[in-house]
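Protein chains in written order, with our numbering: chain A, -2 to 98; chain B, -2 to 98; chain C, -2 to 98; chain D, -2 to 98.
Just so it is clear, CB atoms sit at the ideal spot from N, CA and C, and this is done for glycine as well.
Protein chains: 4
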Amino acid sequence: MKVIVDFTVVPIGVGVSLSPYVAECQRVLERSGLDFRMHPNGTGVEGEWDQVFAAIRDCHQALHEMGAPRISTTIKVGTRTDRQQSMNDKILSVEKQLKKK
Amino acid sequence: MKVIVDFTVVPIGVGVSLSPYVAECQRVLERSGLDFRMHPNGTGVEGEWDQVFAAIRDCHQALHEMGAPRISTTIKVGTRTDRQQSMNDKILSVEKQLKKK
Amino acid sequence: MKVIVDFTVVPIGVGVSLSPYVAECQRVLERSGLDFRMHPNGTGVEGEWDQVFAAIRDCHQALHEMGAPRISTTIKVGTRTDRQQSMNDKILSVEKQLKKK
Amino acid sequence: MKVIVDFTVVPIGVGVSLSPYVAECQRVLERSGLDFRMHPNGTGVEGEWDQVFAAIRDCHQALHEMGAPRISTTIKVGTRTDRQQSMNDKILSVEKQLKKK
């Protein structure tokens, strides 16, 4: 089952500067081979359900190994059976609508 | 890796009455053997990472089979390495704090 | 506009024990007069849009005053115009479905 | 209080094509004068707490007026008192970290 996911990892107990942890998670995604893109408040990823959630699990493990004792992550997951849709398609659909008016 | 998860499944394209779908997802969780509890805006689940996310995947599959062409789910995931904590422990910690003042 | 909200406040930069902060947020909700109920992974609240979001803003302010330099909160918001629905109604709808099979 | 918000609006009961609704919400944001940017799975917005949540409320109202009987929205909110940070700053912090290794 294909999924489009958007997630935000918040390490807890490591102070206020979270960017080293967010960067480490980007490296985990890089190694996963999945298609992903960062935005200011999270990261979008697409792929097979099991692979995507294994990659997010690997982020948690990598961040615990870096010293984060606690992690709170928010994930949005979309699946659809009516048609295939990529992250690019989603943006294009909205842009097409915006041009209508 | 143990996780505490809270998730909300929103089937799209099946009208406004979502309770038959939420109920089906409860049945999937029942069969998973995981510890879970429903609240008005979602369901809390605890267990091993892979088992919990397999159960949520099975909810998506069951809801697609019921006829939902599209599903949007929001998931909060917590992991910690400093100590074990159950959903009950979380509630008890806050209640202890509330009694202090 | 009536809303049903579910939210989870994560103070960042205050160590791993978050329960004193979660408890303070419960006190803010108590003072707001809104109908709310805590569960292991967040708190459900219902009321008018502006009052509910003012209460969550007041939680942020109270937690910053307690010393949290950074806060990350996740909020789910539901509104509907087809009929009135309370948090209790949502639970009852699902329970009714669960009894069917 | 300044906030950085990321939100995803899911209209329910209007079929599977949500892009006309997402586009309408972009128009509401445009009129709000707030700084915002869309990504494949949501929209980031920054500004004062009350203005940002009024804009999201206006999205809900606009979508109900378009015919959506029910809307489910997920919002991530960040506030911090230690320093000012924009959405651009967040991306730059992570990119700086990624260059380190």
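Report the three-state DSSP secondary structure of residue i (helix, strand or coil).
i, result
"VAL49 (chain C)", "helix"
"SER83 (chain B)", "coil"
"PRO66 (chain B)", "coil"
"VAL91 (chain C)", "helix"
Quick check on the burial criterion: 16 or more other C-beta atoms within 10 angstroms. Buried or exposed for residue i?
i, result
"GLY39 (chain D)", "buried"
"LYS96 (chain D)", "exposed"
"GLN48 (chain D)", "exposed"
"GLU21 (chain A)", "buried"
"MET63 (chain A)", "exposed"
"GLN94 (chain A)", "buried"
"ARG28 (chain C)", "exposed"
"ARG67 (chain C)", "buried"
Taking only heavy atoms of the ligand SAM into account, decide whether any of them is closer than 8 angstroms to the Cβ of residue i.
i, result
"MET84 (chain D)", "As for the ligand SAM, it is missing from this structure, which has no ligand bound."
Over the uninterrupted beta strand (DSSP E) stretch that includes residue i, give me the two end residues.
i, result
"PRO8 (chain B)", "-1 to 9"
What residue range is occupied by the uninterrupted alpha helix (DSSP H) comprising residue i?
i, result
"VAL25 (chain D)", "16 to 29"
Please state whether the Cβ-Cβ distance between residue i and residue j is less than 9 angstroms.
i, j, result
"ASP3 (chain B)", "GLY44 (chain B)", "no"
"ASP73 (chain D)", "THR70 (chain C)", "The residue asked about is misnamed: residue 73 (chain D) is Lys in this sequence, not Asp. Contact flag set, yes."
"ILE88 (chain C)", "MET(-2) (chain B)", "no"
"VAL91 (chain D)", "VAL19 (chain A)", "yes"
"ILE1 (chain D)", "GLN82 (chain D)", "yes"
"VAL7 (chain A)", "VAL7 (chain C)", "yes"
Near residue i, what residues of its chain come up, given a Cβ to Cβ distance below 6 angstroms and the 5 sequence neighbours on each side ignored?
i, result
"VAL25 (chain C)", "ASP55, CYS56, ALA59"
"PHE33 (chain A)", "LEU26, THR40, VAL42"
"TRP46 (chain C)", "MET(-2), VAL0"
"GLN23 (chain C)", "none"
So, for residue i: in the same chain, excluding its five sequence neighbours on each side, which residues have a beta-carbon less than 7 angstroms away from its beta-carbon?
i, result
"THR5 (chain A)", "ASN38, GLY39, THR70, THR71"
"ASP86 (chain A)", "none"
Given residue i, which residues of its chain have a CB within under 8 angstroms of its CB, disregarding the five upstream and five downstream residues?
i, result
"LEU31 (chain D)", "VAL42, GLU43, GLY44, GLN48, VAL49, ALA52"
"HIS61 (chain C)", "ILE68"
"ARG80 (chain A)", "none"
"PRO17 (chain B)", "MET63"
"ALA65 (chain B)", "PRO8, ILE9, GLY10, VAL11, TYR18"
"MET84 (chain A)", "ILE1, ASP32, ARG34, GLY41, GLU43"
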